[in-house]
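Single-structure report; data block below.
Residue numbers (our numbering), protein chains in the order written: chain A, 0 to 197; chain B, 22 to 658; chain C, 108 to 421.
Here it is as structure tokens:
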């Protein structure tokens, strides 16, 4: 006859950070998407070191919009950090406010990314360099777009009756993913915008 | 910090007796009737079975392609099929076997078995799991539907550029191929994420790292390999389709690209792919060898470390598929050495299994017999692999039937034989009935002889210079006799699968009743009833050893205090598996199915116009919001 | 061990002091000074800092062992690790390998790998800082220990040895220095070359410290296995790019590749292969050892549970 030994009735139904399963899901997706970025960069560098005419193809990209994008993105890590903290304190007011800020930042970033594309001196069909620039910029752009959409939905959600309990854990998870969007941009920025200038 | 807020009174499992608990939990975790219910289910067992059945249907389809090719090659100068159709056949055979059977079937078993083995009630992210199945199904249907409509890829399962470029292959075949790849790899990646999280966070309390069944360890490493390898092929197939549809220049040497870039990306995935296909086979072998030797697998720690080593090494070796593409000569010794290094962890595993059998009292039931067949065939394949790892030999036999023989020995020996063993082994768990032993042994005779008669002669054909991927050959080459032999063997081998199919169908109806644990095995899936109820376990077990069913006897410790009327499961800490959270597991939902459907339509549309991606993704986004939007206030707690 | 632990936790200062002592030597004076010494770079400042570290360590160990008995407080295996690490450093920076590295890319890569995957982990395993502190007279020792307890030092140190940040920092050092511009600059200018070796060694020390001694150790090394895999993957990628390159990226002045029957390009490819295949083998070995500890750690903590499962709730 089975005997009950471990009583789990007092355990919480949600928590934050790496204690919960969604964190590990997000983490795994960061890993596989990060691998995608790394391989994209790898392909770019592979062509750069095997193609004798790469230097000729690799026209430096305009620094203006990308610098603004990078700046806003890096600065966004701060409200993002605050969201994480507010979510863990389950402070609905702060989370709502910060989510609004993050949504606005996200929309600005999408605008800046569009400007980045419009300022590109190469088209994807010009040469392999152009193809890679568009691919990498687009790949990261999709990540920005996805997380901004996620943030917008979460913001709306937080202003409905659902803005309680486990949703704070979701807000924290969303903030965690945004760090990945920020971190993954930095090597891409270095490779796309600075490597051809060296 | 969070706290358990449970003001409302809710029934806990400790409040009920066994009978009532079982009935109430079955209701909570059950799947609704009707079409909507069927399409909405998130039960890992139902989805796992769908995965397995679908993978076997694709196995049959790929097998029929193989039989047609063997009929064509049986005689020299044959005109049973023409060159064009032959190209389509070997492309579809390879693609189906690798992407629609080889990868999914291993994950399918994991979807069904891992949650049971770690003692939880459902897989992590069950809706993602449902989504992944539909994506896989639609991906496969897309490829085969196009095939039926005569839109057929014919550039090999690897679609090398420049052959796969628009100017050499103008049809839509490679586009369907590329989109199917991207699509089904999404499914594979989703499942690996679920498996990783299930194994790390949902193990039964007390299942510390050194008590995780070897099967589960293997599937964990397998999932990590997928997470790091599959993005490469997704990137590559997306680049290929962009090259074909919007005129990018990644692989065009005249515009700064390089066709070899395709090969690097493809094989960065393609080599780990071998282990992605092979590791589930070893997982089956570990489980079966332990059960039928009546002792735990010898050398638990070396086994796990070998798995981790295989995980590392599988990423270092991709270039050995490219020895003849003009790699730096200086590297040959390095590549050979690192290719051979992977023989060490594989060897450790083989020796541990042999030691287990040696020390135990082996019971020669059909599953174990197929495992013994695996030893023989896989070791033979490994030996020809060691030969191929050497650059000079590889250069000599490259693109001949020697290579064909080698990888069929490895893949069929390494995967299909353990897979058949696994079908016989877990069939009673899934259906509650045992498969017929006598037919099983006949099947082995057919399969083992059929396999060797088919593929052993291919070694000799390769050494005598017969190239791969030729649709016919002139009589004066003298290859006719061995080819006829190989074709006869292929028919035998194919017949063995028909026999298995018959055995499965007959046994499902009238096989001997199995009971919960017909083989006297030691892992937790055998503690559930056969077939398992929707909740898997009425009370979550608490694990105190690596072989819980052998060591615990009647005094089985369990978890108490979970809600009965909600889908609650125990989330535990990673290393020590201490209970930490009572997490709500998502309920059935139709949205994963709809999301997969919309995504599939967007992908098919994208083959004809790039705008389909833009429009499609907006619709997908709407569906996803609907998927994740909480339906009840309870979902928030 | 207890002493090493009490001080070691916040010894940022120590790492940098010792790294600074070791590093400038070969870079500033060894070049050209090695002539007539059979290829050994034995300029004063090469020998002195390495010697100082050695003296401090052996002095500290001697004093500790006099007090606590031989093999106590600093174990023999720690001593052996220090000896291995120190010899590896000496071999990389003083032996003929160093000079050859200026002319042969492969030798330079070998030198860097010895610093990063042999010397660094061995030194970290030996946890030498506690012992080195004991070489100082009590007053200075106390002052140093107090400095290590400053808020700023402690927070910085804790941030640096967070496994994720240490891994990223180490990766950053490796990738940046392999950009042709910086690599050439290192070969052309002594201070830059010093900075290159310094950042390799210092970031490697941090990396291994984070994986072997820091929080990863308390969490049972699972994370360490992951970070080793991650590092072996990105180093493998970089190594592969170098090995597959058809362009000459790094051209040492007065290359001696031809004396070794290599073309300049082959020299570069061989260096890439050492990073790709060679270093990966070290990371794999380390990962397997740590995985073994990790897997073993689970149930040893749970042994008590067997009969009294109720204790699992704490």
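All C-beta atoms, glycine included, are put in the ideal place defined by N, C-alpha and C.
From the beta carbon of residue i, is the nearest beta carbon of chain A less than 8 Å away?
| i | result |
| --- | --- |
| residue 422 of chain C | No statement about residue 422 of chain C is possible, as the shown extent of chain C runs from 108 to 421 and does not include it. |
| residue 341 of chain C | yes |
| residue 381 of chain C | no |
| residue 396 of chain C | no |
| residue 288 of chain C | yes |
Taking the CB atoms as reference points, tell me whether residue i and residue j lie closer together than 8 Å.
| i | j | result |
| --- | --- | --- |
| residue 76 of chain A | residue 178 of chain A | yes |
| residue 588 of chain B | residue 534 of chain B | no |
| residue 176 of chain B | residue 195 of chain B | yes |
| residue 23 of chain A | residue 16 of chain A | no |
| residue 564 of chain B | residue 225 of chain B | yes |
| residue 217 of chain C | residue 367 of chain C | no |
| residue 426 of chain B | residue 476 of chain B | yes |
| residue 299 of chain B | residue 436 of chain B | yes |
| residue 277 of chain C | residue 313 of chain C | yes |
| residue 301 of chain B | residue 532 of chain B | no |
| residue 215 of chain B | residue 145 of chain B | yes |
| residue 111 of chain A | residue 147 of chain A | no |
| residue 385 of chain C | residue 220 of chain C | yes |
| residue 236 of chain B | residue 257 of chain B | no |
With a threshold of 16 other CB atoms inside 10 Å of the CB of residue i, please say whether the residue is buried or exposed.
| i | result |
| --- | --- |
| residue 375 of chain B | exposed |
| residue 515 of chain B | buried |
| residue 350 of chain B | exposed |
| residue 526 of chain B | exposed |
| residue 572 of chain B | exposed |
| residue 629 of chain B | exposed |
| residue 46 of chain A | buried |
| residue 161 of chain B | buried |
| residue 250 of chain B | buried |
| residue 98 of chain B | exposed |
| residue 178 of chain C | exposed |
| residue 183 of chain C | exposed |
| residue 63 of chain A | exposed |
| residue 413 of chain B | exposed |
| residue 556 of chain B | buried |
Please confirm if residue i has its CB atom under 8 Å from at least one CB of chain C.
| i | result |
| --- | --- |
| residue 336 of chain B | yes |
| residue 230 of chain A | Because chain A is modelled from 0 through 197, residue 230 of chain A falls outside the range shown and cannot be assessed. |
| residue 41 of chain A | yes |
| residue 596 of chain B | yes |
Rounded C-beta distance between residue i and residue j? I'm assuming under 8 Å.
| i | j | result |
| --- | --- | --- |
| residue 137 of chain B | residue 553 of chain B | 6 Å |
| residue 430 of chain B | residue 470 of chain B | 15 Å between Cβ atoms; not a contact. |
| residue 456 of chain B | residue 524 of chain B | 5 Å |
| residue 63 of chain B | residue 150 of chain B | 7 Å |
| residue 483 of chain B | residue 422 of chain B | 4 Å |
| residue 345 of chain B | residue 416 of chain B | 6 Å |
| residue 294 of chain C | residue 285 of chain C | No, residue 294 of chain C and residue 285 of chain C are not in contact; Cβ-Cβ is about 13 Å, not under 8 Å. |
| residue 235 of chain C | residue 189 of chain C | 5 Å |
Determine, using beta carbons only, whether residue i comes closer than 8 Å to chain B.
| i | result |
| --- | --- |
| residue 65 of chain A | no |
| residue 97 of chain A | no |
| residue 19 of chain A | yes |
| residue 376 of chain C | yes |
| residue 386 of chain C | no |
| residue 13 of chain A | yes |
| residue 404 of chain C | yes |
**Item:** Segments assigned alpha helix (DSSP H), at least 4 residues, entirely inside the region 177 to 242 of chain C
**Value:** 183 to 200, 203 to 210, 212 to 220, 227 to 233 and 235 to 240, all fully within the region 177 to 242 of chain C.
**Asked** Along the chain, which unbroken stretches of the beta strand (DSSP E) at least 3 residues long are found entirely within the region 556 to 600 of chain B?
**Response** Within the region 556 to 600 of chain B, complete beta strand (DSSP E) segments of at least 3 residues are found at 578 to 581 and 589 to 593, given in chain order.
**Item:** Secondary structure, alpha helix (DSSP H): runs of 4+ residues fully inside the region 412 to 486 of chain B
**Value:** As far as the region 412 to 486 of chain B is concerned, its whole alpha helix (DSSP H) runs of at least 4 residues are 412 to 418, 422 to 432, 438 to 452 and 458 to 484.
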